[in-house]
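A quick write-up on the structure given underneath.
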Ligand SMILES: NC(=O)c1ccc[n+]([C@@H]2O[C@H](COP(=O)([O-])OP(=O)(O)OC[C@H]3O[C@@H](n4cnc5c(N)ncnc54)[C@H](OP(=O)(O)O)[C@@H]3O)[C@@H](O)[C@H]2O)c1
């Protein structure tokens with residue numbers, strides 16, 4: 001695995017596994033939590049050490065359980081979770097404290113590697129107040145790095161200007177149906193590492209045919225080409241699969257590189 005260094009100095013694996021339907025009945029986002037750790041354990045077996053969860057996914061405890069079952073040390077993993085940008089979690093200092101405590105308890109871990117504000121909301125000043133509470137957890141070593149998700153340029157810029165600890169990551173949707181090129185470039189320019197969520201979504205037939213054709217030159221699949229495109233421009237990817245073969249495929253990205261021309265074609269799909 002290769003790593004990127006965050007603006008905090010800590011290293012983050014280029015590839016993580018999404019988890020938003022893991023540990024749930026019928027692999028449904030809204031499905032009942034069934035504590036099934038098999039998908040996460042299969043990902044760990046394939047080599048994943050970076051997992052992306054969230055309070056909203058309700059499965060932080062399944063991630064914690066899988067880490068325990070793996071018998072690998074906690075430090076072997078990079079775990080991201082997220083606090084929802086909803087009043088219940090952010091309306092007061094106590095609400096934020098309770099949210100972070102609930103994450104740590106669910107993960108059964110003394111710390112979380114990366115904690116994101118899941119979605120921005122209208123009141124930017126209020127967001128800064130929440131950020132200040134989160135900064136105290138960084139001071140205490142309970143959160144190793146802070147970041148945001150789904151922030152546009154204005155929201156990210158406001159936080160960059162008004163924070164003591166700068167956001168290390170901005171997790172945004174990025175795929176051929178919605179590249180989000182501008183906010184990705186703005187984030188990179190400001191030393192905020194972009195992460196692509198839904199990196200394999202919104203690939204229509206035409207885009208898939210183009211990616212497949214490029215992949216044939218390297219003996220890679222359309223999905224591997226798409227993920228490789230992101231990491232070549234310093235975007236972290238968090239693809240999710242319930243299938244061991246595809247989990248392995250999504251990690252196998254470091255033995256080929258795309259040409260400038262191919263990158264230009266992919267970026268315009
Ligand atoms: N911050 C946010 O607001 C936000 C929003 C959405 C998601 N996320 C995070 O981002 C993660 C990834 O996004 P996502 O789960 O929505 O979508 P995704 O990872 O882009 O795509 C998942 C789908 O792609 C399939 N797939 C995986 N690998 C494949 C491969 N090599 N070839 C062909 N198909 C493949 C999977 O099916 P199989 O299981 O059958 O392989 C699954 O249906 C989430 O799990 C979550 O952690 C964050």
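Numbering (UniProt numbering), first residue to last: 1 to 269. Virtual Cβ for every residue (Gly too), placed ideally from N, Cα, C. Predicted model, so just to flag it, every value in this text is computed and none were measured.
Proximity to residue 6 across 173, 152 and 113 peaks at 113, based on C-alpha coordinates.
Proximity of the beta carbon of residue 13 to ligand 1 is not indicated: no heavy atom of the ligand is located closer than 7 Å. The straight-line gap separating the alpha-carbon atoms of residue 89 and residue 136 is approximately 16 Å. Short note on residue 249: C-beta closer than 7 Å to some heavy atom of ligand 1.
In this structure the stretch 216-230 does not lie against the stretch 18-38, because fewer than three pairs of beta carbons, one per stretch, are closer than 8 Å.
Bounds of any beta strand (DSSP E) do not take in residue 235, whose DSSP letter is neither H nor E. In the three-state scheme derived from DSSP, where H, G and I count as helix and E and B as strand, residue 229 is classed as helix. Judged by beta-carbon spacing, residue 65 lies beyond the 8 Å limit of residue 21, meaning their Cβ atoms are not closer than that value. Here the C-alpha atom of residue 94 lies approximately 17 Å from the C-alpha atom of residue 140. Contact between the stretch 125-134 and the stretch 153-172 is present: 3 or more CB-CB pairs across the two stretches fall below 8 Å. Linking residue 184 to residue 194 through their CA atoms gives a straight-line distance of about 6 Å. Taking C-beta separations shorter than 7 Å and ignoring five residues to either side along the sequence, the partners of residue 188 in its chain run 194 and 234, following chain order. Of the candidates 74, 82 and 80, the residue whose Cα lies closest to the Cα of residue 110 is 74.
Between residue 63 and residue 78 a beta carbon distance of about 12 Å is seen, past the 8 Å cut, so the two are scored as non-contacting.
DSSP, reduced to helix, strand and coil, places residue 137 within a helical segment of the structure shown. Per DSSP, residue 121 has no beta bridge partner at all. Between residue 253 and residue 48, the alpha-carbon positions lie close to 13 Å from each other.
Residue 41: member of the alpha helix (DSSP H) spanning 38-46, first to last residue.
No Cβ-Cβ contact shorter than 8 Å links residue 39 with residue 107.
Residue 198 has its CB nearer than 7 Å to a heavy atom of ligand 1. As DSSP reads the structure, residue 96 sits in no beta bridge. Residue environment: residue 151 is assigned as buried (16 or more neighbouring CB atoms within 10 Å of its CB, all protein chains considered). Within the stretch 159-186, the complete beta strand (DSSP E) segments of 3 residues or longer fall at 169-173, listed in chain order. Between the C-alpha atoms of residue 80 and residue 265 there is a straight-line separation of about 32 Å. In this structure, DSSP gives residue 210 a helical state, which the three-state scheme calls helix.
Rounded to whole angstroms, residue 257 and residue 232 show a C-alpha spacing of 8 Å. Judged by DSSP secondary structure, residue 4 falls within the beta strand (DSSP E) whose first and last residues are 3-5.
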